[in-house]
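The end of the sequence shown is residue 244 by the numbering used here, with every number in the run present. Heads up, the beta-carbon is just placed ideally off N, CA and C, and yes, glycines get one too. Heads up: the structure comes next, in structure tokens.
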Amino acid sequence: MVLGGCGVWPEAGQACSGYLVEHDGFRLVLDLGYATLPRLLQYITADQVDAVFISHGHPDHCADLNPLLRARMLRDDPPPSLPVYALPGALDAVLALDRPGMLDAGYVPHEFTAGDHFDIGPFRAQTRLLPHYLLNAGVRLAAGGRVLAYTGDTGPTPDVVELARDADLLVAEATYVTRVPEDSQVHQSSARQAGRQAAAAGVGRLLLTHLQPGTDHAAARAAAADGYGGEVGVATAGLVIDLG
Ligand SMILES: [Zn+2]
């Protein structure tokens, strides 16, 4: 379930990066960008989140961890502490929004190094360092014989292909349609590059996300389809993909 797919800042009525991934009743949230919490609360309550994985520390990927923790803690019957998986230091800024210590009991930090493999509930998670302005971990989640790969934010790299190899679904950052500005070419991707990498990885399906606000979705899909013959979608709030 897509909570939001806007890159950089949220558009009217939309949210930034956030995805609810469910298997066997376990609810994992991948990224919690600006405005994703209200979207999440349309479907489940704050205490029904079982774990959170944050790809990197930019606020369009983690800002709404603060209101999620508030919604869990500042109530009469707070749920158990929330496992939060993130790279070292990635959450320092968002966790500093409230007074020191206020939210400490609300979460259990699980710091990892990009490249680590570990379990999150029923999911086998494999992480991989992908190039961005700050440390960013792509993640490959496997459960029930199905695989979802998510890039977080990344420049084009063969590591995306390895992360997504034969995945059923690749959720790929595509901030731009075809042309990436010179100063961003190492750190961000286009829909065209995402399509080429999806093809190289042999993924079953491609979902473009993190589109710069104002981007023509049809143009992004067409640019990705240029190099990839499978189904291409654009992440928008409420989109559900069942990997069966
Ligand atoms: Zn970023």
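Where does residue i land, buried or exposed, given buried means 16+ other C-beta within 10 angstroms?
{"i": "residue 88", "result": "exposed"}
{"i": "residue 42", "result": "exposed"}
{"i": "residue 214", "result": "exposed"}
{"i": "residue 100", "result": "exposed"}
{"i": "residue 245", "result": "Residue 245 lies beyond the range of the chain shown here (1 to 244); nothing can be said about it."}
{"i": "residue 58", "result": "buried"}
{"i": "residue 10", "result": "buried"}
{"i": "residue 45", "result": "exposed"}
{"i": "residue 233", "result": "buried"}
{"i": "residue 237", "result": "buried"}
{"i": "residue 12", "result": "exposed"}
{"i": "residue 219", "result": "exposed"}
{"i": "residue 139", "result": "buried"}
{"i": "residue 153", "result": "buried"}
{"i": "residue 117", "result": "exposed"}
{"i": "residue 235", "result": "buried"}
{"i": "residue 64", "result": "buried"}
{"i": "residue 18", "result": "buried"}
{"i": "residue 108", "result": "exposed"}
{"i": "residue 119", "result": "exposed"}
{"i": "residue 177", "result": "buried"}
{"i": "residue 248", "result": "Past the boundaries of the shown model lies residue 248; the chain is included only from 1 to 244, so the question cannot be answered."}
{"i": "residue 244", "result": "exposed"}
{"i": "residue 84", "result": "buried"}
{"i": "residue 242", "result": "exposed"}
Starting from the Cα of residue i, find the closest Cα among the options and give me that residue.
{"i": "residue 188", "options": "174, 239, 160 and 235", "result": "174"}
{"i": "residue 47", "options": "76, 120 and 200", "result": "76"}
{"i": "residue 114", "options": "4, 151, 99 and 2", "result": "151"}
{"i": "residue 128", "options": "120, 161, 204 and 59", "result": "161"}
{"i": "residue 192", "options": "159, 229, 167 and 166", "result": "229"}
{"i": "residue 124", "options": "148, 136 and 82", "result": "148"}
{"i": "residue 204", "options": "164, 56 and 34", "result": "164"}
{"i": "residue 97", "options": "111, 122 and 68", "result": "68"}
{"i": "residue 93", "options": "136, 183 and 62", "result": "62"}
{"i": "residue 208", "options": "199, 190 and 201", "result": "190"}
{"i": "residue 212", "options": "6, 2 and 1", "result": "6"}
{"i": "residue 271", "options": "8, 84 and 168", "result": "For residue 271 there is no data in the structure shown, the boundaries of the chain being 1 and 244."}
{"i": "residue 198", "options": "166, 102 and 243", "result": "166"}
{"i": "residue 31", "options": "210, 186 and 131", "result": "210"}
{"i": "residue 172", "options": "195, 158 and 241", "result": "195"}
{"i": "residue 183", "options": "177, 201 and 155", "result": "155"}
{"i": "residue 186", "options": "170, 158, 37 and 107", "result": "158"}
{"i": "residue 169", "options": "202, 181, 177 and 85", "result": "202"}
{"i": "residue 37", "options": "16, 136 and 56", "result": "16"}
Give a yes or no on whether the minimum CB-CB distance between residue i and chain B is below 8 Å.
{"i": "residue 111", "result": "Chain labels in this structure do not include chain B; a single protein chain is all it has."}
Practice task
When you get a sec, list the residues whose CB is within less than 5 Å of any heavy atom of ligand 1, chain order please.
Solution key: 58 and 153
Handout entry: Length-filtered (3 minimum) beta strand (DSSP E) runs lying within the stretch 21 to 107
Key = 26 to 32, 51 to 53 and 82 to 86
Problem - 3-residue-minimum beta strand (DSSP E) runs that sit fully inside the stretch 198 to 226, ordered along the chain - result: 205 to 209
Problem - the stretch 16 to 35 / the stretch 48 to 59 touching (three or more Cβ pairs under 8 Å) - result: yes
Practice task
Could you tell me which uninterrupted beta strand (DSSP E) segments, each at least 3 residues in length, are contained entirely in the stretch 113 to 169, listed from first to last along the chain?
Solution key: 117 to 120, 123 to 130, 136 to 143 and 146 to 150
Problem - Inter-stretch contact (C-beta, 8 Å, three-pair minimum) for the stretch 135 to 146 and the stretch 9 to 25 - result: yes
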